[in-house]
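Counting along the sequence shown from 1, when you hit position 234 you're at 320 in my numbering, and nothing is skipped either side.
We put the CB at the ideal spot given by N, CA and C, even for glycine.
Being a predicted model, the structure only gives us computed values, none of them experimental.
What follows is a short report on a single structure.
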Amino acid sequence: MIAEPGTLRRFAQASRMEWIKLRSLRSTWWTLAATVAGATGIAVAVGAKTKDASGDLTNNVLAGVAPGLLLIGVLGVLTMTGEYSSGMIRATLAAVPGRSLLLAAKAAVFGGVTLAVGEATAFLAFTAGRAALPGRIPPPALGQPGVLRAVLLSGAGIALVGLFGLGLGAVIRHSAAALAVYAGVVFVGGELLFALAPSVVRYVPLAIVGDSLAVSRAEAGTLSPWTGLAVLFLYAAVTLVAGGRLFTRRDA
Numbered sequence: 087m088i089a090e091p092g093t094l095r096r097f098a099q100a101s102r103m104e105w106i107k108l109r110s111l112r113s114t115w116w117t118l119a120a121t122v123a124g125a126t127g128i129a130v131a132v133g134a135k136t137k138d139a140s141g142d143l144t145n146n147v148l149a150g151v152a153p154g155l156l157l158i159g160v161l162g163v164l165t166m167t168g169e170y171s172s173g174m175i176r177a178t179l180a181a182v183p184g185r186s187l188l189l190a191a192k193a194a195v196f197g198g199v200t201l202a203v204g205e206a207t208a209f210l211a212f213t214a215g216r217a218a219l220p221g222r223i224p225p226p227a228l229g230q231p232g233v234l235r236a237v238l239l240s241g242a243g244i245a246l247v248g249l250f251g252l253g254l255g256a257v258i259r260h261s262a263a264a265l266a267v268y269a270g271v272v273f274v275g276g277e278l279l280f281a282l283a284p285s286v287v288r289y290v291p292l293a294i295v296g297d298s299l300a301v302s303r304a305e306a307g308t309l310s311p312w313t314g315l316a317v318l319f320l321y322a323a324v325t326l327v328a329g330g331r332l333f334t335r336r337d338a
């Protein structure tokens, strides 16, 4: 079914409004800059401490991508819940009464920004990490099997986890509660599952990015790179759809 021209125009206007709001916050740029800088710094540290070439060097130099998930996820949550805590949601809904359209615009803008930043983060971390490897260790190259895929999927993983945070914000609409759930699912949940149900750990977002997406070759007991990406997409889609349905049924 083709969307009506009026709907496309309203979506474009809503997206433009969301982009202005997102870029006007200093916290957005500080968070994105910290994600890139943190990933690059960790990649350099891990690369410099690598002792030999026996492991997956691509996974080593992309190690800094995983901690960046915390920052991007927090930004995703606050992009949604921050409007409720500040009261700006009333002005937003006055400008864009269609709540499904508004959430779609938020997701499109936030997803586009975090995908661009995620890919930049992954490529910078890979470049810096391989340069920091000791001279006796041959660095991985993008032309080697699975390496380019690992870098690209790592960047996509950052964006999907950010959208997962945005969806949680739409479902819960309370910053502290949404952040607690996000941290529990992405980080704390992995530690608990490792102790209680090790076979389920591979489905935790942090493990998916670190053990499935950021690898040049899949290891036994982990999800394949494309399966891991599909699971992250499912997490983001489910929370956004649930958030959209709740969003349309609630009063601001």
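Residue i - DSSP class collapsed to helix/strand/coil
i           : result
residue 135 : helix
residue 99  : helix
residue 109 : helix
residue 271 : helix
residue 291 : helix
residue 311 : helix
residue 327 : helix
residue 305 : coil
residue 259 : coil
residue 232 : coil
residue 320 : helix
residue 300 : coil
residue 88  : Caution applies to residue 88, whose pLDDT of 45 falls short of 50 and renders its modelled position unreliable; the model cannot decide the point.
Beta-carbon proximity check, residue i vs residue j, cutoff 9 Å
i           : j           : result
residue 136 : residue 211 : no
residue 218 : residue 92  : no
residue 299 : residue 240 : yes
residue 149 : residue 215 : yes
residue 177 : residue 97  : no
residue 271 : residue 290 : yes
residue 164 : residue 261 : yes
residue 226 : residue 144 : yes
residue 204 : residue 242 : yes
residue 100 : residue 179 : no
residue 263 : residue 238 : no
residue 196 : residue 111 : no
residue 254 : residue 162 : yes
residue 329 : residue 269 : no
residue 139 : residue 224 : yes
residue 259 : residue 170 : yes
Counted within 10 angstroms of its Cβ, other Cβ atoms place residue i as buried (16 or more) or exposed
i           : result
residue 324 : exposed
residue 106 : exposed
residue 293 : buried
residue 174 : exposed
residue 189 : buried
residue 109 : exposed
residue 322 : buried
residue 229 : exposed
residue 311 : buried
residue 265 : buried
residue 222 : exposed
residue 306 : exposed
residue 95  : exposed
residue 193 : buried
Cβ neighbours of residue i in the same chain (closer than 7 Å, five flanking residues each side left out)
i           : result
residue 206 : 122
residue 200 : 158, 244, 245 and 248
residue 327 : none
residue 128 : 149, 150 and 153
residue 233 : 144, 226, 227 and 302
residue 319 : 246
residue 130 : 214, 215 and 218
Spatial neighbours of residue i in its chain, beta-carbon cut-off 6 Å, leaving aside the 5 residues before and after
i           : result
residue 296 : 152
residue 314 : 294, 298 and 299
residue 146 : 132 and 136
residue 88  : At residue 88 the pLDDT is 45, less than 50, meaning the model places this residue with poor confidence and gives no usable figure here.
residue 117 : 157 and 161
residue 114 : 108
residue 250 : 321, 322 and 325
Contacts around residue i, its chain only, beta-carbon distance under 8 Å, and the 5 residues preceding and following it disregarded
i           : result
residue 124 : 150, 153, 154 and 157
residue 103 : 178, 181, 182 and 191
Q.
Could you tell me which whole alpha helix (DSSP H) segments of length 4 or greater appear in the segment 141-228?
A. Those alpha helix (DSSP H) runs which fall completely within the segment 141-228 and span 4+ residues are 143-147, 151-172, 174-181 and 185-218.
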